[in-house]
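Below is one structure; the comments refer to it alone.
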Amino acid sequence: MRFAAFLGRRAVHSIFVLLGLSILIFIIARIMPGDPARMAVGARAPQWVVDNLREQMHLTEPLYMQYLYWLRDALRGDFGISLVTRRPVAADIKEFFPATLELALFAGIINGAGGIMLGAISAWQKDKWVDNVVRVISYLGVVTPSFVFAILFLLLFGMTLNWAPTMGRLSQEIARPATVTGLLTIDCLLARNPAAFFDSIWHLILPAVALALGGMSQEARITRSTMADNLSKDYIASARSLGIPGSVIMRSFLLKPSLIPTVSILGLDFAATLGNAFLVELIFVWPGMSRYGINAMLRKDLNAISAVILILGVVFILTNIAVDVIVARLDPRIQLGAGRSE
Amino acid sequence: MENDLLLNIKDLRVNFDVFGGTLKVLDGVNFTVSSGEKVGLVGETGCGKTTTMKAVLRVLPMPPARITGGEILFKGRDILQMTSRELGQVRGEGMAMVFQDPTAALNPVFTIGEQMDAAVKYSAAGDKRLSGKEIRKRAVEALKEVALPDPERLLKNYPFQLSGGMRQRVCIAMAVAGDRELIIADEPGTSLDVSIQDQILRLLRGLTDKLNTSIVLITHTLGVVRELADRVYVMYAGNMVEVAPTKELFSRALHPYTVGLMAAVPKLTGGGIANGIPGRIPDYLNPPVGCRFHPRCDQAMEVCRLEKPRFYRVSEDHDVACFLHAGEETGR
Amino acid sequence: MVSAKALVSAQRREDLQRSWYKFSRNRLSIVGLSTVLLVTFLAVFAPLVAPYPEHASAFVDFANASRSPCPTYPFGTDVVGRDIMSRIFFGFRFSLVMGVVVLSLVVPPGVILGLVAGYYQGTWLDTVIMRTTDIFLAVPPLVLALAICSVLTPNLFNAMIAVSLMWWPWYCRLVYGLASTLRSEFFVVSAELLGASKFHILFREILANCVSPIFTKISLDMGWVILIGASLSFVGLGAQPPTPDLGTMVADGSKYLPDQWWIAVFPALAIVLVVLGFNLLGDGLRDMLGAEEV
């Protein structure tokens, strides 16, 4: 029962935050100097067209009314027309979002699973050469920007060594399976097309790894340091003194409490991943929402920009809730509402 | 005779590497426990009691700590030379430690049941092939032994849901759950209310009597060992300074430090303020040459500044590490 | 007799020595410190140490264009003949300026808001401030900066504004957590009972105890701010060419991969170097000050 209340509170909180976010986005968009109506129809359109459009876009009304119109439309899924593609932004997003989602999820899995495993191995072999190697690599992973990795991968694995493709989601020759989920890999599996499936995975690898390296390194470092800290805690000494074998301690006794900070970070890492996707998608010409967003930003396509940010906000908030749920599962003190310790 | 000893620490030396140099904490510690015996270990905070026992279990944090000499023989085999596997066996089947702070000693994210199960599973009584149900049964029995009410429900709780006293009992239960031969209790109940501490100590006494386990009781309170121990060691600054059967120690304390400790205990009769021992424990970075107590000893002699006294046996089972009583040594 | 003053300064010296011991124990921290000092030196004295200082602005020398790394041009030249190494030295200037300016803008308001929100935890003040940070933090960091940059004219100055706007919530959050825990500590309560002014309590009592984590975070953040700045320039929403900003240089250079790889790779490595240096330094400071994981 407590759990439902917990979820409920989070949901309400999230709605408030989203509303605030929408206001923030709206303000940002309106700071833009220039006349949105004029920009929509171009410099050569006659003035009366522009004036009509201004009426239609409610630009003559007070700002808060404009916000409410915009919000109402957004809630209905109407984000206006994109200046760049001349299509409804909603349609653009529907087309491009799954690609970004697929990339981010793939990267996220590498991120989480890889990071935790590396961190655990590092802690297990503390101060031995494996540990030192992992620490150096993860350090470099944290300080190198995603776009640098992307460029390096493009250069090294893509162009020079030719190990994996560097553009798009699927090779030209392969027929695209029917779109069910929008996630190409899943769709290939559903269409029972192994060749296409592997091809899509192959296309995913370079961008996903480039995206994931930063987060994975962060996870590895935090896992390692938490495990190292917890190793000197009394309850581990107590477990050892009771004869519990080292392998069991590492695998469960030490791992579970150590995962808590790591998982808490996962949410933030996912946010960083979504942000970095903007650059990586650009480099790998990945047809995702982030590339669409960047182009929108470079061309000052306000409708598209607002929509992209809002969607990202929603995704991020949902991810945070999911992460909080997992952390609550891991740490009983949160779920059962422990007060200050006695 | 020596081979009947359950635990025999010989000349143990442990250093700690810290900022500024090396702390020479344990400087040749000698300590024995026989089967079924209850031994008290008394000393002020910082004298090395916990370090000694953690060394026995080899749970000292090894980067700052370094074992630089000596042997720790458990049932005749040197613990310091054992492989991890042998060590695991010894820990699981031979001994267990009850830590000072029960809150820190329990893993916060696992239930009591899960932790008890682990304690049973890897102990002497817990054959790896014991069924889950068997393990559970023994866990519940152990909890009953420590007088915890409603053990079955307790197993589902998490440590933070229990009171301090209950957590301490759980820690004791984990130690006794496996029919181990030696239990090391580090200042049990110190972090708790005095009346609860009393209950815990009675519990320990009852349990060790019943199960015939040996117990090492570490404490800084003399009164505790008086109640519980057969034999008492007095420790100062990394050395054992005196050991005697309890009654003998309390009636005929010989080492100036022990005498000072006894005098420092306020008495209900006799009035007057109890006397402290002037001075402080030595700096482990640069410990005094010779007897480590000599700077604070009002009976220090020239030899005390130059040489370290060994244990001199002054009567049956009564040893003193003090030059003052070297002459009273009865045959070895 | 040793005077009290001498005792205090002796104690301070020992504390400093102890701190240095903790810091220098980790060789990496020294590496970090050296790297940061090197980069700062190169940035400050760029006009003097760069081999071709005039290449840092609009300059063309097509005769020497696209030269691969060689003794005359250690990092090679770009497509219009500018020496990459000199430009990188000047590029460090922009990076450092961005870091310093953004953090100067961000830390004071963030910290103050965090103090206020933490101290008045549970009141409407707390709710308003923290909900606002939630809103700013609801979007992935880079995205917000990109968005803000996109509506303003792209240049370094606006990039700094954008990054500042998305960075302040982190300091607010950090100090909020610290302040809300500290406010129930005895020394705060006793100060209240003694009738100390709110100003005194907030700044003298609580803030004084937050200095270590804040400081550690600042040193770590320098690297991240520089990184975000480089990302913004890379996309084209930050410093514009011909400014020798590291991110812009990487963006320019990536058009010429893989053949003239040096045009993109060396600036990229320079970015990594700077971020690495600040990270190592920050880690070392954290070890030294004993602060919690920020």
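Residue numbers (the numbering used here), protein chains in the order written: chain A, 1 to 342; chain B, 1001 to 1332; chain C, 2001 to 2294.
We treat Cβ as the ideally placed atom computed from N, Cα and C, and that holds for glycine.
Beta strand (DSSP E) containing residue i: first to last residue?
i: B:Phe-1074; result: 1065 to 1074
i: B:Pro-1245; result: 1239 to 1245
i: B:Leu-1041; result: 1038 to 1042
i: B:Ala-1096; result: 1095 to 1098
i: B:Tyr-1236; result: 1231 to 1236
Alpha helix (DSSP H) containing residue i: first to last residue?
i: C:Val-2106; result: 2084 to 2119
i: C:Thr-2040; result: 2027 to 2044
i: A:Phe-97; result: 89 to 109
i: B:Met-1116; result: 1112 to 1121
i: A:Leu-259; result: 255 to 284
i: B:Thr-1051; result: 1049 to 1057
i: B:Lys-1156; result: Where B:Lys-1156 is concerned, there is no enclosing alpha helix (DSSP H), given that its DSSP letter is neither H nor E.
i: B:Pro-1102; result: 1102 to 1105
i: C:Gln-2295; result: This structure cannot settle anything about residue 2295 of chain C, because the visible part of chain C is limited to 2001 through 2294.
i: B:Ile-1277; result: Per DSSP, B:Ile-1277 belongs to no alpha helix (DSSP H) and is neither H nor E.
i: B:Gln-1168; result: 1164 to 1176
i: B:Lys-1137; result: 1132 to 1145
i: A:Arg-72; result: 63 to 75
i: A:Tyr-235; result: 234 to 241
On the DSSP bridge list, what partners appear for residue i?
i: B:Ser-1315; result: B:His-1318
i: B:Thr-983; result: With chain B running from 1001 to 1332 in the structure shown, residue 983 of chain B is simply not present.
i: C:Ser-2190; result: For C:Ser-2190, which the question treats as bridged, DSSP gives no partner whatsoever.
i: C:Phe-2231; result: For the record, residue 2231 of chain C in the displayed sequence is Ser; it is not Phe. Beta-bridge pairing links C:Ser-2231 to no other residue.
i: B:Leu-1012; result: B:Val-1029
i: C:Thr-2077; result: C:Asp-2083
i: B:Arg-1077; result: B:Phe-1074
i: B:Leu-1007; result: B:Val-1033 and B:Phe-1074
i: A:Ile-81; result: A:Pro-88
Residues within the region 272 to 289 of chain A neighbouring chain F, beta-carbon criterion of under 9 angstroms: In the displayed structure, chain F is absent; the protein chains listed are A, B and C.
Starting from the N-terminal side, write out each stretch of the beta strand (DSSP E) that is 3 residues or longer and does not extend beyond the region 1183 to 1228 of chain B. Listed in chain order, the complete beta strand (DSSP E) runs (minimum 3 residues) inside the region 1183 to 1228 of chain B are 1214 to 1219.
Within 8 angstroms, do at least three Cβ pairs link the region 1017 to 1030 of chain B to the region 1239 to 1254 of chain B? Result yes; three or more Cβ-Cβ pairs closer than 8 angstroms.
Any residues in the region 111 to 142 of chain A with a beta carbon nearer than 8 angstroms to a beta carbon of chain C? Which ones, in chain order? Across the region 111 to 142 of chain A, CB contacts with chain C closer than 8 angstroms involve Tyr-139, Leu-140 and Val-142, in sequence order along the chain.
Return the residues of the region 10 to 21 of chain A that lie within a Cβ-Cβ distance of less than 9 angstroms from chain C, sorted by chain order. Under the 9 angstroms Cβ criterion, the region 10 to 21 of chain A contributes His-13, Ser-14, Phe-16, Val-17, Leu-18, Leu-19, Gly-20 and Leu-21.
Under 8 angstroms, with one C-beta from each stretch per pair, do the region 1188 to 1197 of chain B and the region 1130 to 1149 of chain B reach the 3-pair mark? Too few Cβ pairs lie closer than 8 angstroms, so no.
Please give me, in chain order, every unbroken run of the alpha helix (DSSP H) with length at least 4 that falls completely inside the region 2114 to 2190 of chain C. DSSP runs (the alpha helix (DSSP H)) wholly in the region 2114 to 2190 of chain C: 2124 to 2136, 2141 to 2151 and 2156 to 2182.
Can you confirm whether the region 2218 to 2230 of chain C touches the region 2099 to 2112 of chain C when touching is taken to mean that 3 or more C-beta pairs between the two stretches lie within less than 8 angstroms? The region 2099 to 2112 of chain C vs the region 2218 to 2230 of chain C: in contact.
Positions along the region 1131 to 1159 of chain B whose CB lies within less than 8 angstroms of some CB in chain A: Answer in chain order: Tyr-1158.
Pair every Cβ in the region 139 to 146 of chain A with every Cβ in the region 226 to 243 of chain A, then say whether three or more of these pairs are closer than 8 angstroms. Taking one beta carbon from each stretch, the region 139 to 146 of chain A and the region 226 to 243 of chain A have fewer than 3 pairs nearer than 8 angstroms; the two do not touch.
Do the region 105 to 117 of chain A and the region 261 to 277 of chain A make contact, defined as three or more Cβ pairs closer than 8 angstroms? Taking 8 angstroms as the limit for Cβ pairs, the verdict is that the region 261 to 277 of chain A does touch the region 105 to 117 of chain A.
Cβ pair count under 8 angstroms reaching 3, the region 2258 to 2267 of chain C against the region 2196 to 2214 of chain C: No, the region 2258 to 2267 of chain C is not in contact with the region 2196 to 2214 of chain C.
Contacting positions in the region 2129 to 2140 of chain C - beta carbon closer than 8 angstroms to chain A: Flagged, chain order: Arg-2131, Thr-2132, Asp-2134, Ile-2135, Phe-2136, Ala-2138, Val-2139 and Pro-2140.
Any chance the region 194 to 203 of chain A sits against the region 167 to 175 of chain A, with 3 or more Cβ pairs inside 8 angstroms? Using a C-beta cut-off of 8 angstroms, the region 194 to 203 of chain A makes contact with the region 167 to 175 of chain A, since at least three inter-stretch Cβ pairs fall below that distance.
Do the region 2047 to 2067 of chain C and the region 2083 to 2097 of chain C make contact, defined as three or more Cβ pairs closer than 8 angstroms? Touching, yes.
Taking only beta carbons into account, state which residues of the region 2251 to 2285 of chain C come closer than 7 angstroms to chain A, listed in chain order. So the list reads Ser-2254, Leu-2257, Pro-2258, Trp-2261, Ala-2264, Ala-2268, Ile-2271, Val-2272, Val-2275, Leu-2276 and Asn-2279, given in the order they occur along the chain.
Contact set between the region 154 to 167 of chain A and chain C, restricted to residues whose Cβ is under 8 angstroms from the partner: Residues Leu-154, Leu-155, Met-159 and Thr-160.
Does the region 87 to 102 of chain A come close enough to the region 285 to 294 of chain A that 3 or more CB-CB pairs lie under 8 angstroms? Contact between the region 285 to 294 of chain A and the region 87 to 102 of chain A is present, because at least three Cβ pairs lie under 8 angstroms.
Count the CB pairs spanning the region 74 to 84 of chain A and the region 300 to 317 of chain A that are closer than 8 angstroms, and state whether there are at least three. At 8 angstroms Cβ cutoff, the stretches touch.
Tell me which residues of the region 2037 to 2057 of chain C have at least one Cβ-Cβ distance to chain A shorter than 9 angstroms, keeping chain order. From the region 2037 to 2057 of chain C, no residue has a Cβ closer than 9 angstroms to chain A.
Which residues, in chain order, does the region 1296 to 1322 of chain B contribute to contact with chain A at a C-beta distance below 8 angstroms? Interface annotation for the region 1296 to 1322 of chain B against chain A: empty, criterion Cβ-Cβ distance under 8 angstroms.
The region 63 to 82 of chain A: positions lying closer than 8 angstroms to chain C by Cβ: Per Cβ criterion, the list is empty.
Can you list, in chain order, the residues of the region 179 to 213 of chain A whose Cβ is nearer than 8 angstroms to any Cβ on chain C? Residues passing the 8 angstroms Cβ filter: none.
What are the residues in the region 2233 to 2247 of chain C lying within 8 angstroms of chain A by C-beta distance? Phe-2234, Val-2235, Gly-2236 and Leu-2237: these are the residues of the region 2233 to 2247 of chain C whose beta carbon lies less than 8 angstroms from some beta carbon of chain A, given in chain order.
What residues in the region 2092 to 2114 of chain C have a beta carbon less than 7 angstroms from any beta carbon of chain A? Taking 7 angstroms as the cut-off between beta carbons, none of the residues of the region 2092 to 2114 of chain C comes near chain A.
Three or more C-beta pairs closer than 8 angstroms, one from the region 1304 to 1312 of chain B and one from the region 1063 to 1080 of chain B: is that the case here? Short answer: they don't touch.
Touching or not, the region 272 to 283 of chain A and the region 2209 to 2225 of chain C, by the rule of three or more beta carbon pairs under 8 angstroms? Flag = no, the region 272 to 283 of chain A and the region 2209 to 2225 of chain C do not touch.
Can you give me, in chain order, the residues of the region 247 to 274 of chain A that have a beta carbon less than 7 angstroms from any beta carbon in chain B? So the list reads Phe-253, Lys-256 and Pro-257, given in the order they occur along the chain.
Any beta strand (DSSP E) of 3 or more consecutive residues that is wholly inside the region 155 to 232 of chain A: Here no run is fully enclosed.
Between the region 237 to 251 of chain A and the region 1114 to 1125 of chain B, do three or more beta carbon pairs fall short of 8 angstroms? The region 237 to 251 of chain A vs the region 1114 to 1125 of chain B: in contact.
Across the region 1154 to 1164 of chain B and the region 1086 to 1099 of chain B, are there enough close Cβ pairs to call them in contact, namely three or more that are closer than 8 angstroms? Because the criterion of three Cβ pairs below 8 angstroms is not met, the region 1154 to 1164 of chain B and the region 1086 to 1099 of chain B do not touch.
Identify each residue in the region 1202 to 1219 of chain B for which the Cβ-Cβ distance to at least one residue of chain A is less than 8 angstroms, and report them in chain order. From the region 1202 to 1219 of chain B, no residue has a Cβ closer than 8 angstroms to chain A.
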